[in-house]
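These notes concern the structure reproduced below.
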Amino acid sequence: MRQFFKILFACFFALVLFIGVILLTVTGIVAGLSSGSEKKIVDDHSILRIDLNQEIKEQSREGLLHIDMVGDSEVLGLNDIVRSLHEAANDDKIKGVFLTMGTCPNGWATLQEIRDALLDFKQSKKFIVAYGEVADQKSYYVGSAADQIFLHPSGMIEFKGLAINSMFFKGALDKLEITTEAFHCGKFKGAYEPFKLEKFSDPNRYQLGVLLQDMYAAFLSAVSEKTKIDTVTLARMANQGTIRFPQDALANHFVDALLYSDSVNHFLQQKIQVSTKEKLNWVDCMEYASSLNASSKSKNKVAILYAEGEIHDGEGNDGIYSETFVRNIRKISEDDNIKAVVLRVNSPGGSAMASEVIYHELAELKKKKPVVISMGNYAASGGYYISCAGDSIFADNNTLTGSIGVVGVMFNIEKMMKNKLGVTFDQVKTSEYADFPNMNREMTESERTWIQGYLDTTYVLFKSRVANARHLTMEEVEDLAQGHVYSGKLALPLKLIDGFGNKERAIACASGMAKIKDYRLVEYPKPMSKLDEILQSISGEKREEAMAKKILGADYVVYKELKKIREQENKIQAILPFTLDIR
6 MRQFFKILFA CFFALVLFIG VILLTVTGIV AGLSSGSEKK IVDDHSILRI
56 DLNQEIKEQS REGLLHIDMV GDSEVLGLND IVRSLHEAAN DDKIKGVFLT
106 MGTCPNGWAT LQEIRDALLD FKQSKKFIVA YGEVADQKSY YVGSAADQIF
156 LHPSGMIEFK GLAINSMFFK GALDKLEITT EAFHCGKFKG AYEPFKLEKF
206 SDPNRYQLGV LLQDMYAAFL SAVSEKTKID TVTLARMANQ GTIRFPQDAL
256 ANHFVDALLY SDSVNHFLQQ KIQVSTKEKL NWVDCMEYAS SLNASSKSKN
306 KVAILYAEGE IHDGEGNDGI YSETFVRNIR KISEDDNIKA VVLRVNSPGG
356 SAMASEVIYH ELAELKKKKP VVISMGNYAA SGGYYISCAG DSIFADNNTL
406 TGSIGVVGVM FNIEKMMKNK LGVTFDQVKT SEYADFPNMN REMTESERTW
456 IQGYLDTTYV LFKSRVANAR HLTMEEVEDL AQGHVYSGKL ALPLKLIDGF
506 GNKERAIACA SGMAKIKDYR LVEYPKPMSK LDEILQSISG EKREEAMAKK
556 ILGADYVVYK ELKKIREQEN KIQAILPFTL DIR
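Residue numbers (the numbering used here): 6 to 588.
Okay, here's the thing in structure tokens:
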């Protein structure tokens with residue numbers, strides 16, 4: 006009987022503890038939801054702060070306050086940064102902008118748009134100050150738009166030129182006895198190379214070199230504006246490693262002074278004319294954007310449809326999923342108050358089938374209302390495919406685009422399973438192709454012909470979409486295609502885009518085509534509700550990803566690439582050759 010009461014008491018205690026945890030969690034959720042709904046009150050003499058160390062997506066996502074969950078983190082959106090800078094220029098409460106330099110994880114086109122917005126902000130005659138203990142090349146590129154750049158006296162600064170780094174897995178696959186067969190259309194379409202080669206092929210090395218030079222020229226031009234040193238001399242300085250220490254940066258006018266953070270604070274207090282005893286009023290872009298009222302109450306709307314991430318088949322949220330994306334397109338199509346659409350593309354591509362599905366739906370939308378494309382860091386391969394559904398295409402100089410081609414990589418794990426694990430496979434089938442595709446055996450010659458034929462058909466369809474959109478012949482498209490990746494700078498003379506410009510130019514173009522002057526902006530996909538964010542943050546996949554990022558840090562990229570191999574479904578892809586890391 007004593008044992009029975011022990012067990013009963015333990016069960017009761019566990020139940021009380023469980024209920025307590027639930028109540029605490031619900032309290033945290035309610036607090037988080039209520040806190041998140043409050044508007045930020047901006048004080049007088051405020052300074053708008055932009056942290057370049059943060060990952061910047063296309064859309065902001067608020068963190069869930071007071072809830073301790075893995076993956077519960079705030080994401081800053083380019084939309085809020087640009088809007089904040091535009092509004093702050095005419096807001097008497099905002100006295101200037103402060104940039105925190107450091108190790109910047111963001112793409113060059115994103116940084117170009119922030120830098121351009123800062124240059125527009127400077128016309129207000131308000132100050133822009135940049136400071137960092139560390140300044141890598143990306144954060145310095147944005148910081149070069151500032152009136153003053155300060156660096157920590159014992160800090161670090163980069164000025165060494167740009168490089169593209171990529172991982173190749175052939176050696177690992179060989180050791181595991183996993184064999185691959187690659188199929189592709191276009192000599193530059195090298196998405197298979199990380200699995201088939203140990204280094205870049207000559208065509209890819211060439212195209213990436215040209216791409217890098219275009220981006221490097223834009224970087225040197227920005228540095229030249231700040232330092233007043235010509236770009237030829239700057240290139241020589243980078244090649245010789247002239248700028249290594251803070252004192253080198255100061256001597257060559259890369260920075261205006263070497264200061265500790267407290268001295269920077271005193272400098273800012275003098276700028277806004279407040280006592281050194283007063284605390285500085287900081288306001289972040291997300292907070293500031295949330296304090297702003299809608300610019301118009303008009304019934305007329307311009308929709309901004311964000312296409313960010315890799316393109317996949319089916320349903321999902323972490324990327325561009327065809328079924329989910331099509332559902333948003335149809336919502337826009339059915340809303341008669343939406344008079345025009347801006348498709349903001351920031352994608353390296355992905356599934357060829359999903360790209361075609363999305364393209365078709367966008368083409369149907371274009372029959373009802375103008376669709377203008379705004380390209381971000383990437384609008385390549387499948388990202389360019391869906392862009393061809395637009396009336397006009399705008400890109401940044403640093404946008405990576407083109408890569409018109411398709412690729413497929415087929416994996417064979419038969420030897421690995423047999424020699425490493427002692428597992429063998431066999432099958433009984435009614436016809437020759439009944440078990441095709443199959444990762445457990447070598448392909449036959451007729452199967453290879455089948456796959457290549459399917460790729461060729463998909464490639465011709467892709468090229469026809471480009472030819473129709475850009476008013477080119479199929480022969481002209483073939484000269485531009487073959488998987489070749491271009492910078493936005495080169496894409497314009499090649500007629501792959503209509504002009505340079507950011508999302509704001511695309512919005513102006515779309516509203517002009519719709520012949521509306523008074524309108525308000527609406528974003529798709531709609532930001533998730535707090536409850537949806539909570540549910541997603543505690544889902545197994547999200548928790549796994551968040552934990553991997555937390556544990557692996559910079560090595561998360563390797564984990565992600567290996568996960569792709571594990572999940573390889575032998576599908577035809579319209580995707581960039583590599584995960585390009587340009588630094």
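Backbone N, C-alpha and C fix where the C-beta goes; we use that ideal spot for every residue, glycine too.
Checklist entry - If you run the structure through DSSP and keep just helix, strand and coil, what is Ile46? => result Counting from one through the sequence shown, the residue named residue 46 turns up at place 41. Reduced to three states, the DSSP call for Ile46 is coil.
Checklist entry - Does the beta-carbon of Lys353 have 16 or more other beta-carbons within 10 angstroms, so that it is buried, or is it exposed? => result As a working mapping, residue 353 is identified with position 348 in the sequence shown. It is Pro, not Lys, that sits at residue 353 in the sequence shown. With a 10 Å radius around the Cβ and a threshold of 16 neighbouring Cβ atoms, Pro353 comes out buried.
Checklist entry - Helix or strand or just coil, what does DSSP make of Glu283? => result Along the sequence shown, one-based indexing puts residue 283 at 278. Three-state DSSP puts Glu283 in coil, outside helix and strand.
Checklist entry - Do three or more CB pairs link the region 81 to 97 to the region 290 to 302 at distances below 8 Å? => result As far as the Cβ criterion goes, the region 81 to 97 touches the region 290 to 302, which means the pair count is three or higher.
Item to check | Distance, Ala511 Cα to Ala394 Cα | outcome: Within the sequence shown, the letter at position 389 stands for residue 394. Within the sequence shown, the letter at position 506 stands for residue 511. Between the C-alpha atoms of Ala394 and Ala511 there is a straight-line separation of about 15 Å.
Item to check | Limits of the unbroken alpha helix (DSSP H) element including Gln128 | outcome: The residue labelled residue 128 in the question sits at position 123 within the sequence shown. Per DSSP, Gln128 belongs to no alpha helix (DSSP H) and is neither H nor E.
Next on the checklist: What would DSSP say about Lys98, mapped onto helix, strand or coil?
Outcome noted: Numbered from its first residue, the sequence shown carries residue 98 at position 93. Reduced to three states, the DSSP call for Lys98 is coil.
Item to check | N-terminal and C-terminal residue of the beta strand (DSSP E) that Ser386 is part of | outcome: Numbered from its first residue, the sequence shown carries residue 386 at position 381. No beta strand (DSSP E) contains Ser386, which DSSP labels as neither H nor E.
Item to check | Element boundaries [alpha helix (DSSP H), containing Met518] | outcome: Against the sequence shown, residue 518 aligns to sequence position 513. Boundaries of the alpha helix (DSSP H) around Met518: Lys508 to Ala519.
Next on the checklist: Checking the sheet assignment: what are the DSSP bridge partners for Lys62?
Outcome noted: As a working mapping, residue 62 is identified with position 57 in the sequence shown. Beta-bridge pairing links Lys62 to Gly82.
Item to check | Coarse secondary structure for Glu118, derived from DSSP in three states | outcome: Stepping through the sequence shown from its first residue, residue 118 is reached at position 113. In this structure, Glu118 counts as helix in the three-state DSSP scheme.
Next on the checklist: Considering just the uninterrupted stretch of the alpha helix (DSSP H) at Val147, what are its terminal residues?
Outcome noted: The residue you call residue 147 lines up with position 142 of the sequence shown. For Val147, the enclosing alpha helix (DSSP H) covers residues Gln142 to Gly148.
Checklist entry - Who does Asn170 pair with in a DSSP beta bridge? => result Numbered from 1 along the sequence shown, position 165 holds the residue referred to as residue 170. Note: Asn170 sits in a beta bridge opposite Asp586.
Checklist entry - Can you give the Cα-Cα distance for Asn305 and Phe399, rounded to whole angstroms? => result As a first step, residue 305 is located in the sequence shown; it is residue number 300 there, counting from the start. As a first step, residue 399 is located in the sequence shown; it is residue number 394 there, counting from the start. Note on geometry: alpha-carbon atoms of Asn305 and Phe399 lie some 23 Å from one another.
Checklist entry - From Ser303, Gly321, Asn298 and Phe467, pick the residue whose C-alpha is nearest to that of Ser360; which is it? => result The residue given as residue 360 occupies position 355 in the sequence shown. The residue with the shortest Cα to Cα distance from Ser360 is Phe467.
Next on the checklist: Starting from Met358, trace the alpha helix (DSSP H) in both directions and tell me its first and last residue.
Outcome noted: Working through the sequence shown from its first residue, we reach residue 358 at position 353. Unbroken alpha helix (DSSP H) run through Met358: Ala357 to Lys371.
Item to check | Complete beta strand (DSSP E) runs within the region 429 to 513 (minimum length 3 residues, chain order) | outcome: Within the region 429 to 513, the complete beta strand (DSSP E) segments of 3 residues or longer fall at 490 to 492, listed in chain order.
Next on the checklist: Less than 6 Å between C-beta atoms, sequence neighbours within five positions excluded: which residues of the same chain meet that for Ala654?
Outcome noted: This structure leaves residue 654 out entirely; the chain is present only between 6 and 588.
Next on the checklist: Could you compute how far the alpha carbon of Leu167 sits from the alpha carbon of Glu203?
Outcome noted: What you label residue 167 is simply residue 162 of the sequence shown in a count that begins at 1. What you label residue 203 is simply residue 198 of the sequence shown in a count that begins at 1. Those two C-alpha atoms are separated by around 22 Å.
Checklist entry - Nearest to Val134 by alpha carbon, out of Asp261, Glu63 and Glu447? => result Looking up residue 134 in the sequence shown gives position 129. The candidate whose alpha carbon is nearest that of Val134 is Asp261.
Next on the checklist: Our contact map puts Asp401 next to Gln117 with C-beta atoms below 8 Å; I'd like the distance itself, whole angstroms only.
Outcome noted: Reading the sequence shown from its first residue, position 396 is the one you call residue 401. Reading the sequence shown from its first residue, position 112 is the one you call residue 117. The Cβ separation is near 5 Å, so the contact holds.
Checklist entry - Does the beta-carbon distance from Val350 to Gly381 come in below 8 Å? => result Position 345 of the sequence shown, counted from the first residue, corresponds to residue 350. Position 376 of the sequence shown, counted from the first residue, corresponds to residue 381. In this structure, Gly381 lies closer than 8 Å to Val350 by Cβ.
Item to check | Buried versus exposed, by CB contacts within 10 Å (16 or more), Tyr438 | outcome: Reading the sequence shown from its first residue, position 433 is the one you call residue 438. It is exposed - the Cβ of Tyr438 has fewer than 16 other Cβ atoms within 10 Å.
Next on the checklist: Distance check for Lys194 and Asn209, CA to CA, integer angstroms please.
Outcome noted: Within the sequence shown, numbered from 1, the residue matching residue 209 stands at position 204. Within the sequence shown, numbered from 1, the residue matching residue 194 stands at position 189. Cα-Cα distance, rounded: 8 Å.
Checklist entry - Roughly how far, in whole angstroms, is the beta-carbon of Ile309 from the beta-carbon of Ser356, given that I think they are within contact range, below 8 Å? => result Along the sequence shown, read from residue 1 onward, the residue named residue 309 stands at position 304. Along the sequence shown, read from residue 1 onward, the residue named residue 356 stands at position 351. Separation of the CB atoms of Ile309 and Ser356 is rounded to 24 Å, and the pair is thereby denied contact status at 8 Å.
Checklist entry - According to DSSP, is Asn298 helix, strand or coil? => result Indexing the sequence shown from 1 puts residue 298 at position 293. Residue state, collapsed to three classes: coil.
Item to check | Anticipated Cβ contact below 8 Å, Ile587 with Ile169, distance rounded | outcome: Here residue 587 corresponds to residue number 582 of the sequence shown, with the count starting at 1. Here residue 169 corresponds to residue number 164 of the sequence shown, with the count starting at 1. The C-beta distance from Ile587 to Ile169 rounds to 5 Å, short enough to meet the 8 Å contact threshold.
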